[in-house]
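Position 340 (the sequence shown) corresponds to 323 in this note's numbering; numbering is contiguous. Each residue gets a CB set at the ideal place from its N, CA and C atoms; glycine is no exception. First the structure, in the form of structure tokens, and then the observations on it.
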Amino acid sequence: MNDNQLAPAWLTKPKDVNVIAAGIWPKSFKRDGEGHMEIGGVAVGDLVAQFGSPLYVLDKTEFFDRAKQIISSFSKAAQAHGTEAKIYYAGKAFLSTEVVRWVDQLGMNVDVSSGGELAVALAGGIDPARIGLHGNNKSHSEIGRAVSAGVGVIVIDSDIEIERIASAAGAQDRIQPVRLRVNSGVHAHTHEYLATAREDQKFGIAIADVPSLVEKIRSHKHLHFLGLHSHIGSQIFAVEGFVEAAKRLVALQAEILKGGPVPEMNLGGGFGVAYTLADKPMAIEDVANAITNVVAEECAKHGIEIPVLAFEPGRAIVGPAGITIYNVGTTKDVLVGDDALTRKYVSIDGGMSDNARPALYGADYSVLLASRESDATPTLSRVVGKHCESGDIVVRDAYLPEDVAPNDLLAVATTGAYCFSLASNYNYLARAAVVAVQEGKVELIIRSETEEDLLARDVKVSK
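See below:
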């Protein structure tokens, strides 16, 4: 129940604002004997004292555990049907050279979507043959570098790219493996900007054009066609979209097999995670079984062999493994409307520069007072940033203790994905550091920016 009509229907007023909701926070996120929050065995106050705030924190154990669960779930599901599963970590969610090393240790591949992400993956030391390159507008130089590096696959997103990749491969006398991204037309249940398989958008090839383009790929002696690729969107909670996309790809698979081998099928990622108690993500085992079962059934109907299946989870691995810590600057109680309803605005030292998702998608997050416990009354709050935008909101609706005050630390959950990746320097705020924690140990993996960093590219700065 809510006693404040400003609260959304999904948000329930807690009896205790100190409770850590299961399924949203990393398993190691807990309070010590004095009520201070810790993650990976390290107090958040100590992290801020050493590295400043805002601060991105990755729980390495959580990352590894979630990755292992995904690898195991899809591998078992594929093996049950006599095939295998390849897992590509979607680097766009969060990428650093250290995370590339984690991916390598776990035996995963890595998916990148720009020359910059490719540079990070290569610098992380992973075998280039385990890198896949995406992107709807890959430049000649990006393609040339990928071919030269020996990346395992380039995903073709348009007719034009066939010639570009074939030309680069021919110039280097290499055989470049490729996939063809298909716009399946499946409408995933997600935000409009996160749906990537609708007909009227920038990604992929229309189903009707696939056979002729596959024939064109096969006509180039420097290209090796691995198979089709589909990605229907992100933050998806229902399996039906994946099932329908798989059916459509298997039908295409049967058709293009008439012209030659198609050893693999990539069904993308986009598996949803919990940002709030209102989110109900599917168990990854159920997702894996549902997708592989329908592929097996459809292949049997068409009388074809089941291909090697590839998947590209990113958020589902790194999202829940990350939190962001902020310092409270100011608070104010704001009367809203004629009914004298009150919302507390809590301003923090970051904002849309370190988490753009609420402004971009209206994304919701969970937040807790992290530097102490409180027995104060839960009050409807909005956590906002320090940027010159009224839409600079980090947590739109939450219950925080009424006594939240300047210099308190707040922790925001599930920020491992698409927060650092989308970070900016709006209002010339320096981007935050990223640290990894595990069993009481802390490792800085990306340092925070300084004002000197911000000025370094301004060639007219007075010396």
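DSSP state of Pro384 mapped onto helix, strand, coil | Residue state for Pro384 is assigned as strand, using DSSP reduced to three classes.
To which residues does DSSP link Ile137 through a beta bridge?
-> Ile137 is bridged to Leu116 and Val161.
Check whether the Cβ atoms of Ile428 and Pro9 sit closer than 8 Å, and answer yes or no.
-> Between Ile428 and Pro9, the C-beta spacing is not below 8 Å.
Less than 8 Å between the CB atoms is what I'm expecting for Ala448 and Thr44, so what's the real figure, rounded?
-> Lying outside -16 to 446, the shown extent of the chain, residue 448 is not represented and no answer is given.
Using 10 angstroms around the beta-carbon of Gln33, count the other beta-carbons present and answer buried if the total reaches 16, otherwise exposed.
-> Exposed is the call here.
In the structure shown, what three-state DSSP assignment does Val442 receive?
-> In the three-state reduction of the DSSP assignment, Val442 falls in the coil class.
Between the C-alpha atoms of Gly224 and Lys443, what's the straight-line distance to the nearest angstrom?
-> Their backbone Cα atoms lie some 52 Å apart in a straight line.
Pro160 beta carbon less than 8 Å from that of Val138 | Val138 is not a Cβ neighbour of Pro160, given a cutoff of 8 Å.
Taking Gln421 as part of the beta strand (DSSP E), name the residues at either end of that continuous run.
-> Start and end: Ala416 to Gln421.
Classification of Thr433 by the beta-carbon crowding that lies within 10 angstroms, buried from 16 upward = Exposed.
What's the gap between the Cα of Ile190 and the Cα of Met248?
-> For the pair Ile190 and Met248, the Cα-to-Cα distance works out to about 15 Å.
Leu41, DSSP secondary structure in three states = Here Leu41 sits in strand by DSSP.
Local Cβ density within 10 Å of His117, reported as buried at 16 or more and exposed below that | So His117 counts as buried.
Extent of the continuous alpha helix (DSSP H) run through His449 | The structure shown does not extend to residue 449, since the chain is modelled only from -16 to 446, so the question has no answer here.
Going by the CB atoms, is the gap between Ser354 and Gly98 shorter than 8 Å?
-> Taking 8 Å as the Cβ cut-off, Gly98 and Ser354 do not qualify as a contacting pair.
Can Thr80 and Gly107 be called in contact, C-beta distance under 8 Å?
-> Yes.
Taking just the CA atoms, how far does Asn166 sit from Thr179?
-> Note that Thr179 has pLDDT 45, beneath the 50 cutoff, so the model's placement of it is unreliable and the number below is only indicative. In this structure, the CA atom of Thr179 is about 8 Å from the CA atom of Asn166.
Limits of the alpha helix (DSSP H) - the one that Arg430 falls within = It is not in any alpha helix (DSSP H) - Arg430 carries neither H nor E in the DSSP assignment.
Mind checking Ala60: buried by the 16 CB within 10 Å criterion, or exposed?
-> Buried, because 16 or more other Cβ atoms sit within 10 Å of the Cβ of Ala60.
8 Å Cβ cutoff met for Gly251 and Phe294 = The answer is yes: Cβ separation under 8 Å.
Enumerate in chain order the residues of its own chain whose CB-to-CB distance from Thr360 is below 6 Å, with the five nearest sequence positions on each side excluded.
-> Hits under 6 Å: Glu385.
Going by CA-CA distance only, name the one from Ile200, Glu227 and His205 that's closest to Ser213.
-> It is Glu227 whose Cα lies nearest to the Cα of Ser213.
How many angstroms separate the CA atom of Asn1 from the CA atom of Leu318?
-> Those two C-alpha atoms are separated by around 26 Å.
Range covered by the beta strand (DSSP E) that runs through Arg365 | Residues Pro361 to Val367.
Might you give, ordered along the chain, the residues of its own chain that have their beta carbon closer than 7 Å to the beta carbon of Glu175, omitting 5 neighbours on each side?
-> In this prediction, Glu175 scores a pLDDT of 43, lower than 50, which makes its location untrustworthy; the coordinate-derived value is nonetheless stated afterwards. For Glu175, where only same-chain residues beyond five positions count, there are no Cβ hits under 7 Å.
Segment limits, alpha helix (DSSP H) that includes Tyr344 = Where Tyr344 is concerned, the enclosing alpha helix (DSSP H) stretches over Arg340 to Tyr344.
Cα-Cα separation, Asp42 to Ser202 = Note on geometry: alpha-carbon atoms of Asp42 and Ser202 lie some 47 Å from one another.
Inside the region 279 to 324 only - alpha helix (DSSP H) runs reaching at least 4 residues | Entirely contained in the region 279 to 324, the alpha helix (DSSP H) runs reaching 4 residues are, in chain order, 298 to 301.
Round the Cβ separation of Ser36 and Tyr309 to the nearest angstrom and send it over; I've been treating them as touching at under 8 Å.
-> So it is a contact: roughly 6 Å between Cβ atoms.
Counting only the same chain and skipping the five closest in sequence on each side, list residues whose C-beta sits under 7 Å from that of Thr173.
-> Low local confidence applies: a pLDDT of 47 at Thr173 is under 50, so the model's placement there is unreliable, and no value is given.
Reference Gly168; option with closest CA among Lys230, Ser195, Arg147 and Ile148 | Measuring from the Cα of Gly168, the nearest candidate turns out to be Lys230.
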